[in-house]
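Protein chains in written order, with full-length UniProt numbering: chain U, 1 to 364; chain Y, 1 to 365. Cβ atoms here follow ideal geometry from the backbone N, Cα and C, with glycine treated the same way. Computed from a predicted model, the values in this text were never measured in an experiment. Below is one structure; the comments refer to it alone.
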Amino acid sequence: MRLPSLLHKELIQFTRDRVVLFLILWLYTVEVVICAYALSLDMQDLPLVVADADHSPASRELVRAFTESGDFRLMAQLDDPAAVTGYLERGQARAVLVIGEGFARHLLEGSEQQLQLLVDGSNANTAAVARGYALQTVEAFQRQWAALPETPAPGVIPHLRTWYNPGVTNVSFVVLSMITLAGLMVGVAHPAASIVREKEAGTIEQLMVTPVRTEELFFAKTLPTLLVGLVALFPSLALVGWFGVPVRGSLALFFCLTALFLISAIGLGVLVAAISRTLQQALLLTFFGLFPLMFLSGTLVPVESMPRLLQAASLASPLRHYLDITLGIFLKGTGLDILWPHVLALVLIGLPLYGIAWVIFRRQ
Amino acid sequence: MKLKRIAAVATKEAREVLRDPITLGVALLMPLIMLLLFGYAITLDVDDIALGVLDEDHSPASRQLQQAFTASDTFRLSASLQHHREVERTLQEGEARLVLVIPSGFQRRLYRGEASPVQLVVDGSYSATATLVSQRAMAIARGFERQEGSTLLSLDTRVWFNPSLSSVHTVVPALYAVILMAFPPLLTALALVREKETGTIQQIYASPLSAAQFLCGKLVPYGVIACLQMAMVIAAGLLWFGVPFHGSPGVLLAVSLLYVLCTLGIGLLVSAVTSTQLAAMLAVLIITLMPSFLFSGLLFPIFTMPYLLQLYTLLFPGRYFVDIARGVVLKGVGVEVLWPSITVVALYTLLILVLAAWRLKKRVA
Chain U
1 MRLPSLLHKE LIQFTRDRVV LFLILWLYTV EVVICAYALS LDMQDLPLVV ADADHSPASR
61 ELVRAFTESG DFRLMAQLDD PAAVTGYLER GQARAVLVIG EGFARHLLEG SEQQLQLLVD
121 GSNANTAAVA RGYALQTVEA FQRQWAALPE TPAPGVIPHL RTWYNPGVTN VSFVVLSMIT
181 LAGLMVGVAH PAASIVREKE AGTIEQLMVT PVRTEELFFA KTLPTLLVGL VALFPSLALV
241 GWFGVPVRGS LALFFCLTAL FLISAIGLGV LVAAISRTLQ QALLLTFFGL FPLMFLSGTL
301 VPVESMPRLL QAASLASPLR HYLDITLGIF LKGTGLDILW PHVLALVLIG LPLYGIAWVI
361 FRRQ
Chain Y
1 MKLKRIAAVA TKEAREVLRD PITLGVALLM PLIMLLLFGY AITLDVDDIA LGVLDEDHSP
61 ASRQLQQAFT ASDTFRLSAS LQHHREVERT LQEGEARLVL VIPSGFQRRL YRGEASPVQL
121 VVDGSYSATA TLVSQRAMAI ARGFERQEGS TLLSLDTRVW FNPSLSSVHT VVPALYAVIL
181 MAFPPLLTAL ALVREKETGT IQQIYASPLS AAQFLCGKLV PYGVIACLQM AMVIAAGLLW
241 FGVPFHGSPG VLLAVSLLYV LCTLGIGLLV SAVTSTQLAA MLAVLIITLM PSFLFSGLLF
301 PIFTMPYLLQ LYTLLFPGRY FVDIARGVVL KGVGVEVLWP SITVVALYTL LILVLAAWRL
361 KKRVA
């Protein structure tokens, strides 16, 4: 009888803090929507400025080739190449195309010539993409305009197939990864806060003198988070449907493994609670802990791009395994037969956290 | 008299911080750890991608094509497959991100000068990686054994401000904006909400302190911490990552101070609308940290976002500071170019502080 009443108390406390409930719901829904719409991979509308000294039909045609694909957006067309500096400095253009005088004449004569592209390197990624787009455009333009000698042998023709995400859109990935992120934040922060709050307010002493056993208190503190974490998945799943993210695997398996992930996240929260005395400490430590975990999970930056050492470190982040599980179930339709190493890893990460937290708790 | 009271509050707050090793440790170490982690980890260059090969041709040419893939740093051979059935499993298990399928007859067609198809199967689940992997793989396959046709038009690309296209140089200046957005608001919000949650704020209300004096006193120690964080982060960026500094340090310093004031103000505002520390932390996470990460142009350029969301990014000061920091550090420009962003940050700060003071005053009265 003691456990249900303790649980009841925890749930009441939980639902009383409306702001927290609102923020949790926000993380699971609004944040997911915003990110899914905003964070796209294919770069479009790169701001472009053209300095055209040739003013010929051919040069205008080239400019049109740049803008009509949607890769570039023409911000301004200048006569004076000296004025382009300001555009790049102010960030109004990410790339500047300089067409020299005599462009059309050289093209007709069939003599070699150079076009110049200035790229703003302050964002290295954007710059690389801009360069790639420009190269493609110029190549296509040249095939169309210049009378080239016989095309070389066709050679190797690669056929690209992207599985699990045929359009290579970012939407599925962003939606799923944001849901996993929300699970981590709530799973760690909430139990840490609810335990330390009792410590700080001194009410934990009152609980200690009641016949409630440590393990009962433990359960009562962690179960509500688990429940909330699972219930909050429902609105997220509605969003999954809304964005047309495929569900190829079993949702039941997803719920079970989410519970497992939340348990290991809660373990971290409990550990934080065990070593901190004030709520401020607990929350700062949570923040401190969340960051590397989020970062090393592949949700924000692909793990493959990281240095070796960080790639190895990422194996310790439960979020990384959970993300692989989630992507596997939703996009690849994999089951336990393939996902078991990640499941095992979650268990192996969770157990010691609980063990340490348990020992510290008992001592107190 | 007034200053004395502010000093008293500030001393009390400073003592509390100094007595608390965890808070102090997190406040001073975390920005550095974040900088190191992000500086190294945020690169969008891919290396060492696991490659699976299904070679049905077993010819010298097919082996050469494999070598063309593995000779680059981008790919590393992780699985040699024997049968079509294994392709799916390799990708599902994540043993390879890309499988190259060379059909039989590859060499024969290639040497006859016919089109010789191969298949590249990419795991699209990590979309960012998939995009980069496909581009590299297509380039390698297309360039294999091909004589260049003559070109009349060539493109001479000059990269300004960051000629080596180094990700670190892109990321580190922008991180100043993120890191300064992460800690000062959290620390100030927690410091104020803590007094609310434990009820000690009633004692403050009962004392002769005015709201402004109390707030100033509270802000001073965290302002000092924020400035220390900023100095450490900028120094680490320069010395450790060797990010070139083209502009004037004075300008960056002055704008950073303004920005720090702005972040402290956001912390104040959060503390005015929340009553528990957990709520304050989650609010800080949503209002400051995530937007300054995702919607500041640090990773995802703003111009590709849909128009409505571009407007949404205008709400967060991190975006302006990213522009300013990159402008000063990489482009070497000064106030004459950056004044619009600087003005916005200044107005923003003013607005936030007025709003926070107004909300808190209402509480006190």
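Let me check understanding here. Comparing Cα to Cα, which of the options lies closest to residue i?
i	options	result
residue 78(U)	231(U), 86(U), 71(U)	86(U)
residue 140(U)	248(U), 314(U), 54(U), 63(U)	63(U)
residue 305(U)	75(Y), 79(Y), 231(Y), 277(Y)	75(Y)
residue 163(Y)	111(Y), 109(Y), 243(Y)	243(Y)
residue 258(U)	51(U), 158(U), 343(U)	343(U)
residue 366(Y)	345(Y), 185(Y), 120(Y), 328(Y)	Not covered by the structure: residue 366(Y). The range shown for chain Y is 1 to 365.
residue 257(Y)	174(Y), 345(Y), 273(Y)	345(Y)
residue 303(Y)	113(U), 114(U), 311(U), 94(U)	94(U)
residue 27(U)	239(U), 74(U), 314(U), 349(U)	239(U)
residue 363(U)	2(U), 288(U), 208(U)	208(U)
residue 276(U)	9(Y), 6(Y), 5(Y), 25(Y)	25(Y)
residue 346(U)	360(U), 314(U), 331(U), 359(U)	314(U)
residue 260(Y)	349(Y), 106(Y), 271(Y)	349(Y)
residue 39(U)	18(U), 103(U), 301(U)	301(U)
residue 58(Y)	105(Y), 86(Y), 95(Y), 199(Y)	105(Y)
residue 261(U)	316(U), 218(U), 284(U), 113(U)	316(U)
residue 181(Y)	144(Y), 205(Y), 233(Y)	233(Y)
residue 358(U)	287(U), 271(U), 289(U), 136(U)	271(U)
Indicate whether at least one CB of chain U lies closer than 8 Å to the CB of residue i.
i	result
residue 194(Y)	yes
residue 357(Y)	no
residue 185(Y)	no
residue 126(Y)	yes
residue 188(Y)	no
residue 39(Y)	no
residue 331(Y)	yes
residue 212(Y)	no
residue 301(Y)	yes
residue 161(Y)	yes
residue 130(Y)	yes
residue 18(Y)	no
residue 92(Y)	yes
Please confirm whether residue i and residue j have their CB atoms less than 8 Å apart.
i	j	result
residue 318(U)	residue 265(U)	yes
residue 133(U)	residue 72(U)	yes
residue 99(U)	residue 45(U)	no
residue 90(U)	residue 337(Y)	yes
residue 82(U)	residue 159(Y)	no
residue 329(U)	residue 241(U)	no
residue 265(Y)	residue 333(Y)	no
residue 209(Y)	residue 5(Y)	yes
residue 51(Y)	residue 98(Y)	yes
residue 23(U)	residue 220(U)	no
residue 177(Y)	residue 341(Y)	no
residue 236(Y)	residue 29(Y)	no
Kindly indicate if chain Y contains any beta-carbon less than 8 Å away from that of residue i.
i	result
residue 128(U)	yes
residue 131(U)	yes
residue 366(U)	In the structure displayed, chain U extends from 1 to 364; residue 366(U) sits before or after that span and is not available.
residue 27(U)	yes
residue 121(U)	yes
residue 285(U)	yes
residue 70(U)	no
residue 163(U)	yes
residue 55(U)	no
residue 138(U)	yes
On the DSSP bridge list, what partners appear for residue i?
i	result
residue 117(Y)	157(U)
residue 160(Y)	120(U)
residue 217(U)	Its beta-bridge partners do not exist; DSSP assigns none.
residue 123(Y)	163(U)
residue 366(U)	The structure shown does not extend to residue 366(U), since chain U is modelled only from 1 through 364, so no value can be given for it.
Quick one: list the residues of chain C neighbouring residue i, beta-carbon separation under 8 Å, in chain order.
i	result
residue 272(U)	Given the protein chain composition of this structure (U and Y), no chain C is represented.
Sufficient close CB pairs (3 or more, under 8 Å) joining the stretch 60 to 68 of chain Y to the stretch 90 to 97 of chain Y: Judged by Cβ distances under 8 Å, the stretch 60 to 68 of chain Y makes no contact with the stretch 90 to 97 of chain Y, as fewer than three pairs qualify.
The stretch 225 to 237 of chain U touching the stretch 254 to 268 of chain U, judged by at least three CB pairs closer than 8 Å: Three or more pairs of CB atoms, one per stretch, sit closer than 8 Å, so the stretch 225 to 237 of chain U contacts the stretch 254 to 268 of chain U.
At least 3 beta-carbon pairs within less than 8 Å: the stretch 278 to 296 of chain Y vs the stretch 308 to 323 of chain Y: Yes: at least three Cβ pairs fall under 8 Å.
contact_flag[the stretch 275 to 291 of chain U, the stretch 274 to 282 of chain Y] where n(CB pairs < 8 Å) is 3 or more: Touching, yes.
Meets three-Cβ-pair contact criterion under 8 Å: the stretch 216 to 232 of chain Y and the stretch 12 to 21 of chain Y: Contact between the stretch 216 to 232 of chain Y and the stretch 12 to 21 of chain Y is present, because at least three Cβ pairs lie under 8 Å.
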